[in-house]
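Let me begin by presenting the structure, written as structure tokens, before commenting on it.
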Amino acid sequence: MSIIIISSDVREIEEMIVGKVAEEKGYGRLDRRIINDVAARHQVEPGRLIEALETTPSLFRKLSSRQWRYYLSCIEADVLERLLADNLVCWGLAAHLYVTDISHAMKIRVLAGKSSGLAKIAEERGISLQRAETYRDDEMARRKKWSLAAFNQDETDLSRYDLVISLDQIDPVETVRTITGASEYRKFQVMTYSMKCLTDLALAAKVHAVLLKSMADVKVQARDGSVVVSTRASTRQKRKKTETIKALAGQVDGVGYVEVHVKKNFLKETA
Amino acid sequence: MARSLEVLLLDDEPIVGRRLKPALDKIGCQVEVFENPKEAVARIDQKEFDIVVTDIRMEEMDGIAVLEHVQKKWPRTKVILITGYAKMDLAREAMGKGVFDFIAKPFRPDDLRRIIASAAEALGMPIDAASPNDETVAE
């Protein structure tokens, strides 16, 4: 029993590998098909959630940094909750960036490489291989920027992954076999500790999403139903903000205790 | 009548054994408690336990070494690691070496009973782990 999280520098290849791994393992797939459910649950437009996964905040798109973080937090909260079910192959939801320190979540990066990746891009966009390479490089730079802004993680840093496969060297059939084989390693099997870590992470994300709906600049940690929220506020607002956080977080299922740490917001203090 | 589950419990903090032994007694386990890993290993050399529950970080010998010793001597025995210093790398190392389960302190005795019950099931000696709520085991 485990979770397999796959990401790639070419989405079509990612989807193809995910489909085959899920089929081979008999696992469910967790992907963007959940976006409509997430949107309904948090009463936001599905298109805005997809936009948040693809782009960084911009005045042109009328997407503020605060909205963007809220949309991402909604996705994160739902994905983590669904991952508690186990036996899933997850892709396309940026889970490789926020499912951290969970020993039974195996993170895989598939590098499309020149032969298959660029050919696929060139074919789909009707461009030359040279232009496809430029397009892919630009896309990778954009994803790096996005992942750092969204989760302070560089998705192009290969040391973050448990397994990295280059399709230039390993063909797709062998890639699927390698992934399914590696997922059988005992190291990636679920244990009481890793399930507890995932449960804590999911609860923190749920509280984070609830708080980001009405405020910015909050960090949340959870352990065994106890939640610690760190935020900033002016001396004048400190008490009110603490009460609001305790009230909102306290309503979340699974939260037993809320502690709020408020640092001084010097900008508002001097304003 | 089915025989009791034989459990060796090793933690250099005396309070852990004091708290957990009665909790495991309640579900019908025969528990031997040790605070010194060398003494525990000497006992393991003498007797095949069904389950060994051991802390990881101990002065004279760590829990991973205890796990390896048990596996060499009694491959059937299930080993459960408990630690107050859990990290993903350590958890993966322990799983890779064949530990049955890994649990971070603090935990409730009920959490350990659940793991003991699933180890018992894997050994073909199912037990009923249901018991009233208990206090959390200190970190």
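Same order as they appear, the protein sequences are chains R and G.
The first sequence lines up with residues 1 to 271 when you count with the working numbering.
The second sequence lines up with residues 1001 to 1139 when you count with the working numbering.
C-beta: ideal position from N, C-alpha, C; glycine also.
Worksheet item: With a cut-off of 8 Å, do at least 3 Cβ pairs link the region 1006–1016 of chain G to the region 1036–1054 of chain G?
Response: yes
Worksheet item: How many Å lie between R/G250 and R/R223 at the Cα?
Response: Position 250 of the first sequence, counted from the start, is the residue given in the question as residue 250 of chain R. Position 223 of the first sequence, counted from the start, is the residue given in the question as residue 223 of chain R. The straight-line gap from Cα to Cα measures roughly 14 Å.
Worksheet item: Counting contacts by CB-CB distance shorter than 8 Å, is R/R186 in contact with chain G?
Response: On the first sequence, residue 186 of chain R is found 186 positions in, with the first residue counted as 1. R/R186 counts as touching chain G.
Worksheet entry | 8 Å CB neighbourhood of R/V218 in its chain, flanking five on each side removed | Numbered from 1 along the first sequence, position 218 holds the residue referred to as residue 218 of chain R. The residues are H208, L211, L212, V229, S230, T231 and I245.
Practice prompt. Quick one: using the 10 Å Cβ neighbour count with 16 as the cut-off for buried, is R/S128 buried or exposed?
Written response: For the purposes of this step, residue 128 of chain R is taken as residue 128 along the first sequence, with counting starting at 1. R/S128 comes out exposed.
Item to complete: Tell me, to the nearest whole angstrom, how far the beta carbon of R/R143 is from that of R/E155; I am working on the premise that it is less than 8 Å.
Response: Translated into the one-based positions of the first sequence, residue 143 of chain R becomes position 143. Translated into the one-based positions of the first sequence, residue 155 of chain R becomes position 155. So it is a contact: roughly 6 Å between Cβ atoms.
Worksheet item: Counting contacts by CB-CB distance shorter than 8 Å, is R/Q153 in contact with chain G?
Response: Translated into the one-based positions of the first sequence, residue 153 of chain R becomes position 153. Not an interface residue.
Worksheet item: Is there at least one Cβ from chain G nearer than 8 Å to R/M195's Cβ?
Response: Along the first sequence, read from residue 1 onward, the residue named residue 195 of chain R stands at position 195. No, R/M195 lies away from the interface with chain G (no Cβ there is under 8 Å from its Cβ).
Worksheet item: Distance, Cα to Cα, G/T1077 vs G/P1109?
Response: On the second sequence, residue 1077 of chain G is found 77 positions in, with the first residue counted as 1. On the second sequence, residue 1109 of chain G is found 109 positions in, with the first residue counted as 1. G/T1077 and G/P1109: Cα-Cα distance of roughly 21 Å.
Fill in: Enclosing alpha helix (DSSP H) for R/T100 [first to last residue]
Walking along the first sequence from the start, residue 100 of chain R turns up at place 100. First-last for R/T100: undefined, no H or E at that position.
Worksheet item: So which residues on chain R does G/A1091 lean against when the C-beta distance must stay under 7 Å?
Response: Start at 1 with the first residue of the second sequence, and residue 1091 of chain G comes out as number 91. By Cβ distance, chain R contributes S103, M191, Y193 and S194.
Worksheet entry | Those residues which DSSP pairs with G/L1005 across a bridge | Taking the first residue of the second sequence as 1, we reach residue 1005 of chain G at position 5. DSSP lists G/C1029 as partners of G/L1005.
Worksheet item: Near R/R32, what residues of its chain come up, given a Cβ to Cβ distance below 6 Å and the 5 sequence neighbours on each side ignored?
Response: For this step, residue 32 of chain R is matched to residue 32 along the first sequence. Result list for R/R32: G92, in chain order.
Discussion item. Considering Cα atoms alone, identify which of R/R177, R/R160 and R/Y185 is closest to R/G19.
Written reply: If you number the first sequence from 1, residue 19 of chain R lands on position 19. Ranking the options by Cα distance to R/G19, first place goes to R/R177.
Fill in: CB contact below 8 Å: G/A1086 versus chain R
Walking along the second sequence from the start, residue 1086 of chain G turns up at place 86. Chain R contact via Cβ: present.
Item to complete: Assess, as a yes-or-no matter, whether the region 33–43 of chain R is touched by the region 102–111 of chain R under the definition of 3 or more beta carbon pairs within less than 8 Å.
Response: no
Worksheet item: Rounded to whole angstroms, how far is the Cβ of R/L88 from the Cβ of R/Y27, which I believe are closer than 8 Å?
Response: Counting from one through the first sequence, the residue named residue 88 of chain R turns up at place 88. Counting from one through the first sequence, the residue named residue 27 of chain R turns up at place 27. Contact holds; Cβ gap of about 6 Å.
Discussion item. Taking its Cβ as the centre, do 16 or more other Cβ atoms sit within 10 Å of R/T134, making it buried, or is it exposed?
Written reply: For this step, residue 134 of chain R is matched to residue 134 along the first sequence. Under this definition R/T134 is an exposed residue.
Worksheet item: What do you get for R/I6, buried or exposed, if any count of 16 or more other CB atoms within 10 angstroms of its CB means buried?
Response: Looking up residue 6 of chain R in the first sequence gives position 6. That one is buried.
Fill in: Rounded separation between G/R1113 and R/I102 - CA only
Residue numbering aside, residue 1113 of chain G sits at position 113 when the second sequence is read from its first letter. Residue numbering aside, residue 102 of chain R sits at position 102 when the first sequence is read from its first letter. Answer to the nearest angstrom: the Cα atoms are 23 Å apart.
Discussion item. Tell me which residues share the same chain as R/V164 and place their Cβ nearer than 6 Å to its Cβ, disregarding the 5 neighbours each side in the sequence.
Written reply: Start at 1 with the first residue of the first sequence, and residue 164 of chain R comes out as number 164. R109 and L158, listed in sequence order.
Item to complete: List the DSSP bridge partners of G/F1049.
Response: As a position in the second sequence, residue 1049 of chain G is number 49, starting the count at 1. Looking at the DSSP assignment, G/F1049 forms no beta bridge with any residue, so it has no partner.
Discussion item. At a CB distance below 7 Å, what residues from the region 1006–1030 of chain G approach chain R? Give them in sequence order.
Written reply: none
Worksheet item: Hey, R/T56 and R/K120 are a contact pair by Cβ (cut 8 Å); roughly how many whole angstroms apart?
Response: For the purposes of this step, residue 56 of chain R is taken as the residue at position 56 of the first sequence. For the purposes of this step, residue 120 of chain R is taken as the residue at position 120 of the first sequence. Wrong, their Cβ atoms sit about 25 Å apart, outside the cutoff.
Discussion item. For a contact defined as C-beta to C-beta under 9 Å, what are the partners of G/G1063 on chain R?
Written reply: Taking the first residue of the second sequence as 1, we reach residue 1063 of chain G at position 63. Per Cβ cutoff of 9 Å: no residues; G/G1063 is ~13 Å from chain R at best.
Worksheet item: From R/V273 to G/R1092, what distance separates their C-alpha atoms?
Response: A query on residue 273 of chain R cannot be resolved here, the shown segment of chain R reaching from 1 to 271 and no further.
Item to complete: Determine whether the Cβ of G/F1102 lies closer than 8 Å to any Cβ atom of chain R.
Response: Numbered from 1 along the second sequence, position 102 holds the residue referred to as residue 1102 of chain G. Yes, G/F1102 counts as interfacial toward chain R.
Practice prompt. Can you grab the Cα-Cα spacing for the pair R/V44 / G/I1044, in whole Å?
Written response: Here residue 44 of chain R is taken as the residue at index 44 of the first sequence, counted from 1. Here residue 1044 of chain G is taken as the residue at index 44 of the second sequence, counted from 1. Answer to the nearest angstrom: the Cα atoms are 60 Å apart.
Fill in: G/D1101, enclosing beta strand (DSSP E) - first and last residue
Locating residue 1101 of chain G in the second sequence gives position 101, counting from the first residue. Here the beta strand (DSSP E) through G/D1101 covers D1101 to A1104.
Item to complete: Using a Cβ-Cβ cut-off of 8 Å, state whether G/D1128 counts as contacting chain R.
Response: Locating residue 1128 of chain G in the second sequence gives position 128, where the first residue counts as 1. Answer no: the Cβ-Cβ gap between G/D1128 and chain R never drops below 8 Å.
Worksheet entry | Short CB-CB distance (under 8 Å) between G/R1095 and chain R | One-based indexing of the second sequence puts residue 1095 of chain G at position 95. Position check: residue 1095 of chain G holds Met in this sequence, whereas Arg was assumed. Cβ-Cβ to chain R under 8 Å: yes for G/M1095.
Item to complete: Would you mind giving the Cβ-Cβ distance between R/I4 and R/I179, rounded to the nearest angstrom? I have them listed as a contact below 8 Å.
Response: To locate residue 4 of chain R, count along the first sequence from 1; it is residue 4. To locate residue 179 of chain R, count along the first sequence from 1; it is residue 179. The Cβ separation is near 7 Å, so the contact holds.
Worksheet item: Name the chain R residues whose beta carbon is nearer than 8 Å to that of G/I1115?
Response: The residue given as residue 1115 of chain G occupies position 115 in the second sequence. T192, listed in chain order.
Practice prompt. Using the Cα positions of G/R1019 and G/T1083, report the straight-line distance between them to the nearest angstrom.
Written response: Position 19 of the second sequence, counted from the start, is the residue given in the question as residue 1019 of chain G. Position 83 of the second sequence, counted from the start, is the residue given in the question as residue 1083 of chain G. The alpha-carbon atoms of G/R1019 and G/T1083 are separated by roughly 15 Å.
Discussion item. Using the Cβ count rule (16 or more neighbours within 10 Å means buried), how would you classify R/G48?
Written reply: Here residue 48 of chain R refers to the residue found at position 48 when the first sequence is read from its first residue. In the sequence on display, residue 48 of chain R carries Arg and not Gly. Result: buried.
Discussion item. Is there a Cβ of chain R sitting closer than 8 Å to that of G/D1055, yes or no?
Written reply: The count along the second sequence starts at 1 and reaches residue 1055 of chain G at position 55. Judged by the 8 Å Cβ criterion, G/D1055 is not in contact with chain R.
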